[in-house]
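According to the working numbering, the sequence shown holds residues 19 to 537 in order.
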Amino acid sequence: MRYFNIAGPCNSEKHYMIDAATRLQGVEQLIDREQYFVIHAARQSGKTTYLKDLTGRLNAGGQYYALYCSLESVQNIVEPEKGIPAVIRTLYSFLKYTAIPDAGRFASDADYMDYNNVLRTSLTDYCILLDKPLVIFFDEADCLSDDTLILFLRQLRAGYNERSATPFVHSVALVGMRNIRDYKARIRPDSESLGSASPFNIVTKSFTLKNFTKEEIIALYGQHTGETGQVFEKDAVELVWEQTQGQPWLVNAIADGVIEKILHSDSTKPVTAELVREAIQNIIVDRPTHIDSLLERLKEGRVRRIIEPMILGEGFINKGSDDFLYTRDLGLIRVVNTLIEPANPIYAEVIIRKLSSDMQEELQNPKYPYQLPRYLKDGCIDMDFLMRDFQQFWHANSDIWVKRYSDYPEAAPHLVMMAFLQRVVNGGGQIVREMASGTGRLDLCLIYGNRKYPIELKIRYGKKYLEEGFEQTALYMDLHCCNEGWMVVFDRRKTVKGEDKLYFKKEAVDGKTITVVGV
């Protein structure tokens, strides 16, 4: 019986899968036209599955010899004099297990001392032996170190330009997380490799492998239903789409989490929205390798420069900058109506939990007494009590915690606040986070039972921060159909004493009650 795969490339005989060819149109036409091109997409989005499938189809078609080659093993080799020979040896290690003829003669007399030309000459000599055009898919091409990458591309470019006179590879795909044009940002600006003889100018087109559509999620889950009879209820599929935005690994991981880990392969029970929520929470808490590897990137400066203003809702982010392109290509963010926001709600949640994890752990200390009933009144959260409690907590501990958030100092107030509220979530509540750059705030909706509690976090900027905040909070309250909301204003001014920043007042705005909490 097939299953939902969450580790490595998919195989249609073993796994439920969506044919990646439906998500990537036009590749085979470029191969027929002898073009060199790029395929880029975030990790675990189906690139390798697609490449291996395409390799098999091309070889079966009989017009080409197609070779899949992953360069991942070469990533730690910095010196090009070692890197280029390693690329050639890697090519041979993949080639020798194929049915492509004369594999043993590839690079058999390669002169590795001439590392500036040896890749080109080895490929030329091999192409002369073949009776069909050779197509190579270089997976993980962006793993190559800078100097090795430049020399690798230069030799491909030299062979590409001389193909009319000297045999060379018919078509090449450079595949990885990043677009080839973005590799340039890794090279120092004064490098002559960016001049008229740039190795980057041989790429005809760049493709990106998109996330699943809602229809593709339905089709994927429908394969399981067709084989087992187990139904994914409509609300469950809608929730998967809403929470993943079609990210392939997440879509598979949620299904696997419900079927294998929660229901233990009992196909007599339907997959409900409640089971999907449980599987999502398990993914968030367990932080499997896919999630953990993404979260490690939050330590990188170029990722921090995008994520921090997104949390704050502040600042202009240049969507053409390498920082933005890199963070987007990681799959951490997306652009919606010009605003930059987390790629999906699950990533939003794990990003915040990762950044505030130290704080959450610290709050388990007995010196911070907490039981959820302490904040409850008649089965509802006593928000005034909760907010006053946070106000005093921030007043007493803010200096310590801002220093601890040295990587994200501007977002420290927001992260501490969310860690504080996380205790309510752990007690059976939920937090909906609405964060996007350029909005001027961070919106949170605390949910407990059937009640919603809209909260807006703002940094005090300029003279109109309150007027702007009232308008924004009121709109957010409308979104959640609430007549009461809370606006927390962080005053970061050094010239004002801590106790003078504390205030607590209720304002009537368009028939709504907004409680302003100054901290």
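All C-beta atoms, glycine included, are put in the ideal place defined by N, C-alpha and C.
Fully contained in the region 83-163 are the following alpha helix (DSSP H) runs of length 4 or more, in chain order: 98-113, 136-147. The three-state reading of DSSP puts Asp528 in coil, since its state is none of H, G, I, E or B.
For His58, the enclosing beta strand (DSSP E) has its first and last residue at 54-58. DSSP lists Val153 as the beta-bridge partner residues of Ser189. Classified as buried, Thr345 has 16 or more neighbouring CB atoms from the shown chains inside 10 Å of its CB. Residues Phe230, Ile235, Leu238, Val258, Thr262 of the same chain have their beta carbon placed closer than 8 Å to that of Val269, with the five preceding and five following residues left out of the count.
Thr457 is the residue among Ala25, Thr457, Lys223, Arg510 whose C-alpha sits nearest the C-alpha of Glu359. If you compare the alpha carbons of Val442, Asp528, Arg511 with that of Gly503, the shortest gap goes to Asp528. Beyond the five residues adjoining it in sequence on each side, Cys161 comes within less than 6 Å, by CB distance, of Leu89, Glu90, Gln93 in the same chain, given in chain order. Thr533 is bridged by DSSP to Trp504, Lys524.
The C-alpha of Thr166 lies about 10 Å from the C-alpha of Asn134. Arg406 sits in a helix when the DSSP states are folded into three classes.
The C-beta distance from Leu137 to Cys145 rounds to 13 Å, too long to meet the 8 Å contact threshold.
Collapsing the DSSP output to three states places Leu42 in coil.
The criterion of a C-beta distance shorter than 8 Å is not satisfied by Leu464 and Leu475.
Its chain contains Asp376 as the residues whose beta carbon lies nearer than 7 Å to that of Arg422, once the 5 sequence neighbours on both sides are disregarded; these appear in chain order. Taking the CA atoms as reference points, Asn300 sits about 14 Å from Asp310.
Rounded to the nearest angstrom, the Cβ distance from Arg123 to Leu85 is 15 Å, too far for a contact under 8 Å.
By the criterion of a C-beta distance shorter than 6 Å, Arg352 is surrounded in its chain by Ala361, once the five residues flanking it on both sides are discounted. Assigned with DSSP and collapsed to three states, His33 falls in strand.
Pairing Ile477 with Arg510 gives a Cβ-Cβ distance under 8 Å.
Glu359 has Arg352 as its beta-bridge partners, per DSSP.
In the DSSP assignment, Ser224 is bridged to Val56. Non-local beta-carbon contacts of Leu69 in its own chain, meaning distances under 7 Å to residues more than five positions away in sequence, involve Tyr86, Phe155, Asp157, Val193 in chain order. Assigned with DSSP and collapsed to three states, Gln47 falls in helix.
Lys421 sits in a helix when the DSSP states are folded into three classes.
Ile118 is the residue among Ala254, Tyr54, Arg322, Ile118 whose C-alpha sits nearest the C-alpha of Ala78. For Asp376, the enclosing alpha helix (DSSP H) stretches over residues 375-380. Per the Cβ contact rule, the region 318-336 is not in contact with the region 28-38 (fewer than 3 Cβ pairs under 8 Å).
Shown here for Glu367: same chain residues with a beta carbon closer than 6 Å to its own, the five before and five after excluded, namely Ile302 in chain order. Annotation: Lys65 to Lys523 spans about 54 Å, alpha carbon to alpha carbon.
Among the bridge pairs identified by DSSP, Asp461 is matched with Glu452, Glu474.
In the three-state scheme derived from DSSP, where H, G and I count as helix and E and B as strand, Phe342 is classed as helix. Glu245: member of the alpha helix (DSSP H) spanning 232-246, first to last residue.
The beta carbon of Ile399 is closer than 8 Å to those of Tyr393, Val442, Gly447, Leu464, Tyr466, Arg469, Tyr471 in its chain, skipping five residues each way along the sequence. In the structure shown, the three-state DSSP call for Lys65 is helix.
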